[in-house]
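Residues 50 to 212 in our numbering are what the sequence shown spells out, letter by letter.
Built from N, CA and C at the ideal position, the CB exists for glycine as well.
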Amino acid sequence: MYPLSRLFLFCTVLAPLTLCAQTCQSDFPATTPTERFEINNDTVYDTQTGLSWKRCLQGLSGIQCEQGAILYLNWEQALQAADAETGWRLPNIRELKSIVEKQCAVPALNIQVFPGDNASNVWSSSPFAYNTTSAWYVTFATGESFNYTRDHALQVRLVRSGQ
Numbered sequence: 050m051y052p053l054s055r056l057f058l059f060c061t062v063l064a065p066l067t068l069c070a071q072t073c074q075s076d077f078p079a080t081t082p083t084e085r086f087e088i089n090n091d092t093v094y095d096t097q098t099g100l101s102w103k104r105c106l107q108g109l110s111g112i113q114c115e116q117g118a119i120l121y122l123n124w125e126q127a128l129q130a131a132d133a134e135t136g137w138r139l140p141n142i143r144e145l146k147s148i149v150e151k152q153c154a155v156p157a158l159n160i161q162v163f164p165g166d167n168a169s170n171v172w173s174s175s176p177f178a179y180n181t182t183s184a185w186y187v188t189f190a191t192g193e194s195f196n197y198t199r200d201h202a203l204q205v206r207l208v209r210s211g212q
């Protein structure tokens, strides 16, 4: 269990999420320090991995991802949404896990780089090998990855190679 998983359980089960702000531990180095990223309006370039990310989850826009509404898509719809945006794609599970900030929870994400509602379950393009009706996702509340049946609606963050 990640160090901050208990906080996630408290914030999602025992207390309204509005009472819980992101909590970070500083007793080990950040895994996604802000300096690692080049922010360019609605995209973020990761200098460590060479990947560019959309700053906002699909459906959101604006400087702080404050406009619009988050899209909830099943896995097939998520793949199709990525195909519809030229040059963008759904990240594989390894890529998606590369932006997890292990110091933090609710969300386990660098909110300076990825603002907005980010304590979310986000699809990867990676199918689950042991069940052909499931695929991998990351819960950015804790930064952990799980598999889920592909017909469930989760959120989407798009990626592309290079700048």
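Check                                                                                                                                                                     : Outcome
To the nearest angstrom, how far is it from the Cα of threonine 96 to the Cα of glutamate 87?                                                                             : 7 Å
Have a look at Asp166, Phe195, Ile160 and Ala190 and flag the residue whose alpha-carbon is nearest the alpha-carbon of proline 176.                                      : Phe195
Whole beta strand (DSSP E) runs in the stretch 166 to 195 with 3 or more residues, listed along the chain?                                                                : 170 to 176 and 183 to 188
Counting along the chain, where does the beta strand (DSSP E) carrying arginine 209 start and finish?                                                                     : 208 to 210
What do you get for phenylalanine 57, buried or exposed, if any count of 16 or more other CB atoms within 10 angstroms of its CB means buried?                            : Low per-residue confidence applies at phenylalanine 57: pLDDT is 46, beneath 50, and the placement is therefore not dependable enough to give any value.
Which ranges would you report for the alpha helix (DSSP H) in the stretch 99 to 135 if only whole runs of at least 4 residues count?                                      : 124 to 133
Which same chain residues, not among the five before or five after aspartate 91, have their C-beta less than 6 Å away from its C-beta?                                    : Arg104
So, at 6 Å on beta carbons, what are the nonlocal neighbours of leucine 158 in its own chain, with the 5 sequence-adjacent residues on each side left out?                : Glu150, Asn167 and Phe189
Determine the direct distance from the alpha carbon of glutamine 152 to that of cysteine 73, and round the result to whole angstroms.                                     : 5 Å
Could you give the DSSP three-state label for arginine 138: helix, strand or coil?                                                                                        : strand
What residues in its chain sit with their C-beta under 6 Å from that of proline 65, if we drop five residues either side in the sequence?                                 : Unreliable placement is indicated for proline 65, whose pLDDT of 48 sits below 50; the coordinate value is still reported in the next sentence. Answer for proline 65: no residue qualifies.
Straight-line CA distance for alanine 130 to valine 171?                                                                                                                  : 13 Å
I'd like the list of long-range same chain contacts for glycine 136, defined as Cβ closer than 6 Å, with 5 residues on each side in sequence excluded.                    : Arg209
So, for threonine 198: in the same chain, excluding its five sequence neighbours on each side, which residues have a beta-carbon less than 7 Å away from its beta-carbon? : Thr182 and Ser183
Just to confirm before moving on: does the CB-CB distance between leucine 207 and leucine 139 stay below 8 Å?                                                             : yes
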